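Take a look at the structure below.
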Amino acid sequence: MNDDVEVTVAMVDGIRTVHVAGEFDTDEVDVLAHALALLPDSSPIGTVVDLSGVTFADSSFLHTLFTAQQHHARAAVPLALAGLTPFLQRMLELTDLTRAFTIAPTASTATDLIRARIPRPRRR
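If you read the sequence shown in our numbering, its first letter stands for residue 772, the second for the next number, and so on.
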């Protein structure tokens with residue numbers, strides 16, 4: 772694994788934030804896939820993927836993000852990408868994947884978008 776790769780996970784109020792940094796290719800995406808996996812015992816109510824620290828990514832990285840998006844959608848768990856670098860924004864545009872994701876400028880904004888999608892219980 773590349774020593775420059777960093778994937779950290781934090782959970783706040785049921786929303787998981789995955790901070791991703793470094794250079795990602797086929798050898799590094801497994802750590803990202805693991806961090807984005809929805810586990811039956813501890814699934815979040817939403818996931819924010821903060822990509823502001825990604826300096827390089829290849830198609831395997833995009834595939835991992837897209838697969839995670841599909842799994843989240845099937846589980847009705849919102850997933851949002853945040854902090855896209857110009858490089859990642861261009862990659863998503865070239866592959867026509869921008870429409871597959873909710874994209875926000877910052878992790879904070881992405882968290883707010885996810886909170887807005889969570890149904891609130893009705894008051895009586």
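Glycine included, each C-beta is placed from N, C-alpha and C at the ideal position. Bear in mind the structure is a predicted one, so any value in this text is a computation, not a measurement.
Exposure label - M772; buried when at least 16 CB within 10 Å: Because the pLDDT of M772 is 46, which lies under 50, any placement of that residue in the model is unreliable, and the question is left without a value.
Endpoints, the beta strand (DSSP E) within which S823 is located: 817-828
Assigned exposure category for L833 - 16 Cβ within 10 Å defines buried: buried
Residue range of the alpha helix (DSSP H) that includes I889: Where I889 is concerned, there is no enclosing alpha helix (DSSP H), given that its DSSP letter is neither H nor E.
Pairwise C-alpha distance: A839 and A847: 12 Å
Residue interval of the beta strand (DSSP E) (run including A875): 873-875
Outcome for T818 when other beta-carbon atoms lying within 10 angstroms are tallied against a minimum of 16: buried
Nearest neighbour of V780, chosen from S813, D798, E794 [CA to CA]: S813
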